[in-house]
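Residue numbers (the working numbering), protein chains in the order written: chain F, 1 to 109; chain G, 1001 to 1115.
Below, the structure is given as structure tokens:
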């Protein structure tokens, strides 16, 4: 039972444009949502999070939006840079973290 | 900076061997975790520990065990390695429970190949 789902295995965008990564979840008990970024041969690093009582959280170029009624969250990266090319994991928290499958983002110069 | 160190980055083991993956964190974190990452499956929780000598099963504990004798060290044990355990293993730690929104910090990963 995949409680956190990232339906797009990959996404390719041009440098300077917006990247939108999506994540859906099924468990309404999740109370925090997090995004992690992973480069090859490295461990994931924390990027940004949002509490279930909010609908938006912004940190520099990164903004996370939460739509609780749709059980959907998204990560916006504006403007996208080549160094943003990585795998992005969505995660949801309720007693433990549950991760999605990941989305490979490629930002082309 | 939080440092989570996994002692072995790349290992090749034979089917049936006993395998130890070691993880040490230097931030006095209470909680430690072992995940495996596989393409298309994301990160899946194997075992976790909220205190010394305490362990709890995650989502995929079969074929694995863990040991936490000291607060800073959390070991993952494959009692009898099998080819379907070929994967990237990630250790993580956190200061407090993740259900309060605290992030976890990952090590660099251990690539295990079982032949």
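We put the CB at the ideal spot given by N, CA and C, even for glycine.
Apart from the five residues just before and just after residue 1070 of chain G, which ones in its own chain have a Cβ nearer than 7 Å to its Cβ?
-> As a working note, residue 1070 of chain G is residue 70 in the second chain. Within the same chain, residue 1070 of chain G has close Cβ partners 1052.
Delimiting residues of the beta strand (DSSP E) encompassing residue 1041 of chain G | Position 41 of the second chain, counting from 1, holds the residue named residue 1041 of chain G. No beta strand (DSSP E) holds residue 1041 of chain G; DSSP gives it neither H nor E.
Label residue 1074 of chain G either buried or exposed according to how many other C-beta atoms from any shown protein chain fall within 10 Å of its C-beta, with 16 as the threshold for buried.
-> Walking along the second chain from the start, residue 1074 of chain G turns up at place 74. When all chains shown are included, residue 1074 of chain G counts as buried.
Under 8 Å between C-beta atoms, does residue 1108 of chain G make it to chain F?
-> Residue 1108 of chain G sits at position 108 when you count from the first residue of the second chain. Yes, because at least one Cβ of chain F sits closer than 8 Å to the Cβ of residue 1108 of chain G.
Find the residues of chain F that neighbour residue 1095 of chain G, judging by a C-beta separation of less than 8 Å, and give them in chain order.
-> Counted from its first residue, the second chain places residue 1095 of chain G at position 95. By Cβ distance, chain F contributes nothing, its closest Cβ being about 13 Å from residue 1095 of chain G, past 8 Å.
Check residue 1084 of chain G in the structure and name its three-state DSSP category.
-> To locate residue 1084 of chain G, count along the second chain from 1; it is residue 84. Looking at residue 1084 of chain G - three-state DSSP - the assignment turns out to be helix.
Contacts that residue 1042 of chain G makes with chain F (C-beta to C-beta distance below 7 Å) | Numbered from its first residue, the second chain carries residue 1042 of chain G at position 42. The contacting residues are 89, 99, 100, 101 and 102.
Relative to chain G, which residues along the segment 60 to 90 of chain F have a C-beta separation below 8 Å, given in chain order?
-> 89
Using 8 Å as the limit for Cβ to Cβ distance, is residue 1011 of chain G near chain F?
-> Along the second chain, read from residue 1 onward, the residue named residue 1011 of chain G stands at position 11. False, the Cβ-Cβ gap to chain F never drops below 8 Å.
Assuming residue 1093 of chain G contacts residue 1031 of chain G under a Cβ cut-off of 8 Å, what Cβ separation, rounded to an integer in Å, is found between them?
-> Numbered from its first residue, the second chain carries residue 1093 of chain G at position 93. Numbered from its first residue, the second chain carries residue 1031 of chain G at position 31. Right, the Cβ-Cβ distance comes to about 6 Å (below 8 Å), so this counts as a contact.
Between residue 91 of chain F and the rest of its own chain, which residues show a CB-CB distance below 8 Å, the 5 nearest in sequence each way excluded?
-> Numbered from its first residue, the first chain carries residue 91 of chain F at position 91. Closer than 8 Å at Cβ, skipping near neighbours: 4, 33, 34, 35, 36, 97, 98, 99 and 100.
Starting from residue 58 of chain F, follow its DSSP beta bridges and name the residues at the other end.
-> As a working mapping, residue 58 of chain F is identified with position 58 in the first chain. Paired residues: F:63.
For chain F, is any of its Cβ atoms less than 8 Å away from the one on residue 1112 of chain G?
-> Position 112 of the second chain, counted from the first residue, corresponds to residue 1112 of chain G. Chain F, which has no Cβ nearer than 8 Å to the Cβ of residue 1112 of chain G, makes this no.
Taking residue 56 of chain F as the reference, give the member of F:25, F:74, F:15 and F:24 with the closest Cα.
-> In the first chain, counting from the first residue as 1, residue 56 of chain F sits at position 56. Nearest C-alpha to residue 56 of chain F: F:74.
Report the three-state DSSP secondary structure of residue 84 of chain F (helix, strand or coil).
-> In the first chain, residue 84 of chain F corresponds to position 84, counting from 1. Residue state, collapsed to three classes: helix.
Tell whether a beta-carbon distance below 8 Å holds between residue 87 of chain F and residue 104 of chain F.
-> Residue 87 of chain F sits at position 87 when you count from the first residue of the first chain. Residue 104 of chain F sits at position 104 when you count from the first residue of the first chain. Contact: yes.
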